[in-house]
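Numbering (this note's numbering), first residue to last: 2 to 212. Below you'll find the structure, written out as structure tokens, and then a few comments.
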Ligand SMILES: Cc1cc2nc3c(=O)[nH]c(=O)nc-3n(C[C@H](O)[C@H](O)[C@H](O)COP(=O)(O)O)c2cc1C
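This is the structure in structure tokens:
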């Protein structure tokens with residue numbers, strides 16, 4: 002064994018998404034943010050493209066998001082469709098959360114590696130970052146609202162024209178309890194094809210699986 006299996010499994014199970022509103026005012030220091038980002042860069046990357054690009058919003062830089070999120074949402078919703086409660090919620094999240102990492106990806110200039118593979122690499126990086134947050138006792142949440150695809154978001158993240166926004170990753174010390182979650186048992190999501198018995202995934206038998 003190269004690592005402590007129970008520690009690794011416990012870390013993965015303990016990783017939870019926290020609403021930014023559930024984060025407290027304690028500051029997330031830059032050296033910790035750098036450790037989190039460094040963990041991200043150790044994700045797998047097809048062809049070593051290392052397509053992840055991060056934009057850290059902190060201190061006065063958070064104003065970009067505090068002003069930007071409601072505006073980007075409103076631009077996306079269109080006149081007459083703006084939900085005021087959602088605007089207020091988007092603004093209020095920066096009362097608590099003091100560190101947000103903009104997630105982006107760039108594409109392989111030589112076109113050897115597909116857009117999908119580069120997106121999956123960034124998703125793997127985010128998982129590493131989230132695990133690192135958990136190890137530090139930091140709450141985090143990856144969000145990908147539809148308006149993230151707007152050009153003004155790409156500009157705010159400083160991504161090149163051909164880059165893609167992959168969402169925002171909120172990081173902060175939790176104010177309340179660490180949330181709990183659950184997952185479907187393996188038989189719902191796994192099919193063994195071992196040449197003996199043809200097993201059937203449980204959800205193929207029960208298509209109306211409840212959340
Ligand atoms: C690719 C991706 C996008 C997500 N986007 C959102 C989002 O836009 N808003 C949100 O509230 N949560 C978002 N989440 C977080 C999920 O809601 C969360 O992972 C899920 O509820 C399971 O909870 P857990 O992360 O604590 O296990 C996203 C998660 C992933 C992996």
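C-beta atoms are modelled at their ideal positions from N, C-alpha and C, and glycine is treated no differently.
When DSSP reads this structure, residue 100 sits in a beta bridge with 59 and 172.
Residue 171 and residue 193 have their C-alpha atoms some 37 Å from each other. The beta carbon of residue 73 sits no closer than 7 Å to any heavy atom of ligand 1. Rounded to the nearest whole angstrom, the CA to CA distance from residue 91 to residue 145 is 13 Å. For residue 142, the uninterrupted beta strand (DSSP E) segment begins and ends at 140-144. For residue 82, the number of other beta carbons within 10 angstroms of its own is below 16, and it is reported as exposed. For residue 24 against residue 174, the beta-carbon gap comes to about 6 Å, under 8 Å, which counts as contact. Separation of residue 96 and residue 20 (C-alpha to C-alpha, rounded to the nearest whole angstrom) is 13 Å. The way I'd put it, the segment 57-69 doesn't touch the segment 126-141; fewer than three beta-carbon pairs between them come closer than 8 Å.
Bridge pairing for residue 106: 53 and 165 [DSSP]. For residue 166, same chain residues with a beta-carbon under 8 Å away, outside a window of 5 residues either side, are 103, 104, 105, 149, 150, 154, 155, 158 and 160 in chain order.
At a cut-off of 7 Å, the beta-carbon of residue 94 does not count as near ligand 1: no heavy atom of the ligand is closer than that.
Relative to ligand 1, residue 145 has its C-beta within less than 7 Å of a heavy atom. In the DSSP assignment, residue 132 falls within the unbroken alpha helix (DSSP H) covering 116-137.
For residue 55, the closest C-alpha among the options 123, 84 and 9 is that of 123.
With a beta-carbon spacing of about 5 Å, residue 50 and residue 114 fall inside the 8 Å limit used to define contacts. The secondary-structure analysis by DSSP pairs residue 18 across a beta bridge with 141.
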